[in-house]
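Residue numbers (our numbering): 44 to 573.
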């Protein structure tokens, strides 16, 4: 396993599976609504099948994929079915077999791709619904069926969906506003800092009535988005109705790279709260900037940071790792294990970040998943944070994103996360040091439990960190010690976090409960690390 330092982020981001792309593949799919030529369809299907076999966490052969993919055509017409009978693949419509093919060998990727495309063509002759299906509908039906049979996180995204996904991850050419549709037009609800909209002095409450002279009334949401977005440095003109102005305003903006904000900071009584809603390519740098601002605005007297990860579904792996490095001086942050050689990676922190000595309280709940769980587990295992809330989601697998020849994307589960102390987060999650779930919970009672050393997690965490991946019943039982739940009103969690950060002795007692012994990772049973 390779040890990777964060100073080398640019070299390992692809191997880390925050995003993996398949380069060198020109778009081949016909326009949506048009049939794709058989050779092009076969290329896309063969690429998809081969990628699944090569990269998915669980091994599966071409025959298993091919049969699932062909049966997936039933999503377009429920009367369609496919069955393997002996050495043949039979295609059925209703109760009738309308054709059959010799089943290719179990490892014949090209053969199963060919049969999948031919099955689609044959089914078009008997099914009106399939006859009307275009190439993209075909790919979606086939790959959705295959990936759904493997795990709940692997999925296929059409070319249109993939464009939106890439924009969410990497940003897009836009003007930097959020809005809601009103009768008059698009009422601006927020303006992003340092965006074209901010530079043009667009304001919350302004109403966009026209985009490049076209009224927004009657336009569907995707069309509005398409008109506002465009190539970076391209121009767009918007017509603005501002209540304080007697006449409409014509504003010309030059689009720039817009990356949706994921970090918001508030400072009260020298305690900073960082609300992190996801992990895109600017999350770690935004968090660093906000911590720096909190230190500056507190006059260097910052008592600590509350890191609010409630409902955070995750995102880019490298950003979760980089954010952990902001607070951890050294040591392992996370490692991954999978079948593919590039799926086995280890990421460590390096010294020199401003947050390394700040007291931390992390809030998690049942909606905290993936990269947010990596961050919480790393901070807990490093003895850097008191985690409070409820058990997290337990999404402990890594997905690699593969760009398809048709410009769609395939998201494949290819490895598992392991915390620094060695346990796999999959179907387990992160156990808070102080559980705030359940009835009758009060800040006063929780504080008293911390002072008395009566936190149940003291008995649970040692087993949590040593339970094997295969022990599904034991993992489920452990999760019941603090069942995952969504925390909408964080009044208890916020008050508890502030109490801990205001009292260094109390904070130290809570921290000691969940910090593993220094030799813990070295003494783990090998089964834990699979």
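Idealized CB from N, CA, C, for every residue including glycine. Remember, predicted model here, so these are calculated numbers, not experimental data.
Environment of residue i [buried if 16+ CB atoms lie within 10 Å]
i           : result
residue 295 : exposed
residue 120 : buried
residue 434 : buried
residue 279 : buried
residue 77  : Note that residue 77 has pLDDT 40, beneath the 50 cutoff, so the model's placement of it is unreliable and no number is given.
residue 290 : exposed
residue 323 : buried
residue 275 : exposed
residue 195 : exposed
residue 505 : exposed
residue 362 : buried
residue 416 : buried
residue 171 : exposed
residue 111 : buried
residue 353 : buried
Candidates the options, of which the one nearest residue i by Cα
i           : options            : result
residue 227 : 132, 461, 367, 286 : 286
residue 317 : 537, 81, 84        : 537
residue 307 : 270, 350, 345, 339 : 350
residue 229 : 446, 139, 245, 301 : 245
residue 114 : 159, 147, 396      : 159
residue 193 : 107, 225, 269      : 107
residue 186 : 118, 467, 513, 342 : 118
residue 382 : 189, 522, 98, 86   : 98
residue 277 : 357, 215, 363      : 215
residue 109 : 128, 539, 156, 293 : 156
residue 395 : 331, 415, 437, 455 : 331
residue 326 : 367, 94, 528, 271  : 367
residue 166 : 384, 144, 150      : 144
residue 129 : 147, 162, 176      : 147
residue 359 : 201, 313, 212      : 212
residue 385 : 499, 457, 540      : 457
residue 422 : 370, 174, 497      : 370
residue 399 : 334, 529, 557      : 334
residue 341 : 311, 354, 247      : 311
residue 428 : 508, 532, 540      : 540
residue 188 : 520, 512, 293, 125 : 125
residue 81  : 526, 178, 337, 96  : 178
residue 268 : 84, 525, 207       : 207
residue 376 : 509, 408, 420, 348 : 420
residue 304 : 288, 313, 321, 315 : 321
Contacting residues, own chain, Cβ-Cβ under 8 angstroms from residue i (five flanking each side not counted)
i           : result
residue 374 : 391, 392, 425, 463
residue 257 : 270
Nearest-angstrom Cβ-Cβ length linking residue i and residue j, presumed shorter than 8 angstroms
i           : j           : result
residue 184 : residue 450 : Contact doesn't hold; Cβ gap of about 18 angstroms is too wide.
residue 132 : residue 123 : Not really, about 13 angstroms apart at Cβ, beyond 8 angstroms.
residue 284 : residue 250 : 4 angstroms
residue 469 : residue 440 : 6 angstroms
residue 431 : residue 473 : Not a contact, Cβ separation roughly 11 angstroms.
residue 467 : residue 498 : At roughly 24 angstroms, the Cβ-Cβ gap does not stay under 8 angstroms, so residue 467 and residue 498 are not in contact.
Same chain only: Cβ atoms within 7 angstroms of residue i, ignoring 5 sequence neighbours per side
i           : result
residue 239 : 218, 219, 296, 297, 298, 299
residue 153 : 89
residue 535 : 479, 484, 486
residue 580 : Because the chain is modelled from 44 through 573, residue 580 falls outside the range shown and cannot be assessed.
residue 91  : 186, 447, 453
residue 223 : 230, 232
residue 518 : 470, 471, 510
residue 150 : 104, 105
Cβ-heavy atom distance, residue i to the ligand FAD, below 7 angstroms
i           : result
residue 189 : The ligand FAD is absent from the structure shown, which contains no ligand whatsoever.
Cβ shell of residue i (< 6 angstroms), same chain only, five flanking positions each side left out
i           : result
residue 356 : 412
residue 62  : Its pLDDT being 34, under 50, residue 62 is placed unreliably in this model, and the value from its coordinates should be taken loosely. 444.
residue 522 : 434
residue 163 : 181
residue 198 : 190, 454
residue 558 : 426
residue 372 : 394, 399
- Decide if the segment 544–553 is in contact with the segment 489–505; the criterion is three or more beta carbon pairs, one per stretch, under 8 angstroms apart. As far as the Cβ criterion goes, the segment 544–553 touches the segment 489–505, which means the pair count is three or higher.
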